[in-house]
Amino acid sequence: MHAKLPMTTAKTEQLKRVLKPIHLWAIAVGLVISGEYFGWNLGWDVSGTVGFLIATLVVTLMYVTFIFSYTELTAAIPHAGGAFAYAYRAMGPFGGLMAGYATLIDFLFATPAIAFALGAYIHFLNPELSVLYSAMFFNVVFIIINILGVKESAVFSVFITILAVAELLLFMGIVTPHFKMNNFLSHPMPFGWSGVFAALPFAVWFYLAIEGVAMVAEEVKEPKRNIPKGYISALATLVFLALGVMILTGGVSDWRNLSKLDYPLPEAIKISLGGANKFTKIFAGIGLFGLIASFHGTILASSRQVFAMARSGYLPRQLSTVNRKFKTPHWAIISGGIISFIALYTGTTGQIVTISVMGAVLMYMMSMVSLFILRKKEPKLERPFVSPFYPVFPAVALIISAIILFTMIYFNFMLSLYFFGGLIGVVMIFVAIGKHKIKLTEENMIAN
1079 MHAKLPMTTA
1089 KTEQLKRVLK
1099 PIHLWAIAVG
1109 LVISGEYFGW
1119 NLGWDVSGTV
1129 GFLIATLVVT
1139 LMYVTFIFSY
1149 TELTAAIPHA
1159 GGAFAYAYRA
1169 MGPFGGLMAG
1179 YATLIDFLFA
1189 TPAIAFALGA
1199 YIHFLNPELS
1209 VLYSAMFFNV
1219 VFIIINILGV
1229 KESAVFSVFI
1239 TILAVAELLL
1249 FMGIVTPHFK
1259 MNNFLSHPMP
1269 FGWSGVFAAL
1279 PFAVWFYLAI
1289 EGVAMVAEEV
1299 KEPKRNIPKG
1309 YISALATLVF
1319 LALGVMILTG
1329 GVSDWRNLSK
1339 LDYPLPEAIK
1349 ISLGGANKFT
1359 KIFAGIGLFG
1369 LIASFHGTIL
1379 ASSRQVFAMA
1389 RSGYLPRQLS
1399 TVNRKFKTPH
1409 WAIISGGIIS
1419 FIALYTGTTG
1429 QIVTISVMGA
1439 VLMYMMSMVS
1449 LFILRKKEPK
1459 LERPFVSPFY
1469 PVFPAVALII
1479 SAIILFTMIY
1489 FNFMLSLYFF
1499 GGLIGVVMIF
1509 VAIGKHKIKL
1519 TEENMIAN
């Protein structure tokens, strides 16, 4: 028998099913699309353009195989806890705890990283405005928006995501005439193959957080039919945008001038059109849409992860309270905002991105292991969507994720100590308070 999660008895712990496929596409693309605006270019600094292109293709393969495999879990077990729920069902309390910890780190640290980029874009538009205080301002505003209601925030996601995608298409149209292959191939792999490995976490940033759709699974109409549509359409959109933006930007000028900025796209426009061109600042202004879409989405996803783990007793129960008026987990949203504030004060963009990616790839590994176990453990589990080319797809996703994680530990040893030290601390507390002895019931695992 598989492990079971607790029965939901309080009405305050029920979420509304209001989301449709277009909302899922918007949430999935919106969660990720800031990765096309910033963060990825830091990979150039450690690998060069061609080295980073190789890393991106490897990571794209990982995400294609991962998403097709992960969708099987999400459609079969539409639970707000996402990987936490899948790993608990497959591996019990400690598996659930590890997957839940990894997912929390993934989304809770993606939020302040995006906030930093928002602040940097505002600073690009008006150098008198502080990056940090602008980031904090956005943090407060979007905490409030998410508390006001999931349908309202999902409608906002559709609007803002369409604008963000349109802007990236506009960007590609503007810089294409200025693309020169000689620029892109200049210093292609200055650090050799070691640079390719060092660049892997920055390539992950292109797609990181697409798995966040799982966090709103309990708020989706007909989840077993609509979740696969949302994931697959979103992934196709993101692959096209990631490769287009990365390749075209690398050929505009000397890519080394863009490899350390938090606003590479406005700078590429500035180089293409000239600093005096009014369109440069207009582009940077509407460029905020992509960052806002992801910022909003990561707050939404991280709060649902906090909510699900609190509801199952893995976090303080108060965090699972649902606001009676807006039907949203307001304390879960606020707690994530507090962590974001702390990260903004204590870290840099590169450090926060790295920590977030560590959480993501560990979560990917736990999810793929869960998929293999559940195929053996529960062969009769209803699977409306089945991973194609099983077991090849989940195996490829698992192997590449493991390579990325070990590479990150090698190149970021101190940050990995913080990451795994936190995990060890959480496990010790978990055992000390006896949570590992509590069996959770099935009714709260599968939200029907």
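Residue numbers 1079 to 1526, in this note's numbering, belong to the letters of the sequence shown in order. By construction, the Cβ of each residue, glycine as well, lies at the ideal position given by its N, Cα and C atoms.
- Listed in chain order, the alpha helix (DSSP H) elements of length 4 or more contained wholly in the segment 1458–1518 are 1470–1489 and 1491–1510.
- Its chain contains LEU1326 and GLY1329 as the residues whose beta carbon lies nearer than 6 angstroms to that of PHE1257, once the 5 sequence neighbours on both sides are disregarded; these appear in chain order.
- The three-state secondary structure of VAL1298, taken from DSSP, is strand.
- Three or more beta-carbon pairs drawn from the segment 1098–1118 and the segment 1356–1368 are found closer than 8 angstroms, and the two stretches are therefore classed as touching.
- The count of Cβ pairs closer than 8 angstroms, one atom from the segment 1426–1441 and one from the segment 1276–1289, reaches three, so the stretches are in contact.
- Secondary structure at LEU1397: helix, using DSSP grouped into helix, strand and coil.
- For the 8 angstroms CB-CB criterion, PRO1472 and MET1446 form a contact.
- Selection TRP1333, THR1239, ALA1276 and TRP1118 evaluated against ALA1312 yields THR1239 as nearest (Cα-Cα).
- According to DSSP, LEU1449 shares a beta bridge with no other residue.
- Every alpha helix (DSSP H) stretch that sits fully inside the segment 1359–1447 and reaches 4 residues is listed by chain position as 1408–1424.
- Per the coordinates, the alpha-carbon of SER1465 lies some 12 angstroms from the alpha-carbon of VAL1474.
- Three or more Cβ pairs drawn from the segment 1384–1395 and the segment 1407–1414 lie within less than 8 angstroms of each other, which places the two stretches in contact.
- If you check the CB distance, LEU1351 and GLU1345 do not come in under 8 angstroms.
- By the CB criterion at 8 angstroms, ILE1252 and ILE1347 fall inside the cutoff.
- Distances from the CA of LEU1120 to each of THR1485, ALA1281, LEU1175 and SER1448 were compared; the closest alpha carbon is that of ALA1281.
- In the DSSP annotation of this structure, ARG1334 is not part of any alpha helix (DSSP H), being labelled neither H nor E.
- In this structure, the beta-carbon distance from PHE1202 to ALA1362 falls below 8 angstroms.
- Nearest Cα to ASN1490 within the set SER1434, ASN1260, MET1214 and ALA1314: SER1434.
- In the displayed model, LEU1263 falls within coil according to three-state DSSP, outside both helix and strand.
- Following the DSSP letters along the chain, one finds THR1149 inside the alpha helix (DSSP H) bounded by residues 1122–1154.
- Taking each of PHE1216, GLY1126 and TYR1341 in turn and checking the Cα distance to ALA1198, the smallest one comes out for TYR1341.
- For the 8 angstroms CB-CB criterion, ILE1377 and THR1152 do not form a contact.
- Here SER1212 is buried, its C-beta having at least 16 other C-beta atoms within 10 Å.
- Put simply, the backbone Cα of GLU1150 is about 34 angstroms away from that of ALA1421.
- In the DSSP annotation of this structure, the continuous segment of the alpha helix (DSSP H) that includes GLU1345 starts and ends at 1342–1351.
- Exposed is the label assigned to TYR1496, since fewer than 16 other Cβ atoms lie within 10 Å of its Cβ.
- A distance below 8 angstroms between beta-carbons, with the five flanking residues on each side excluded, links PHE1373 to the following residues of its chain, in chain order: SER1112, THR1189, ILE1192, ALA1193, LEU1196, PHE1216 and PHE1220.
- Spatial neighbours of SER1418 in its own chain (CB-CB distance under 6 angstroms, excluding positions within 5 residues in sequence) are listed in chain order as THR1189, PRO1190 and ASN1217.
- For GLY1322, the closest C-alpha among the options LEU1248, PRO1279 and ARG1334 is that of LEU1248.
- In this structure, DSSP gives LEU1097 an extended state, which the three-state scheme calls strand.
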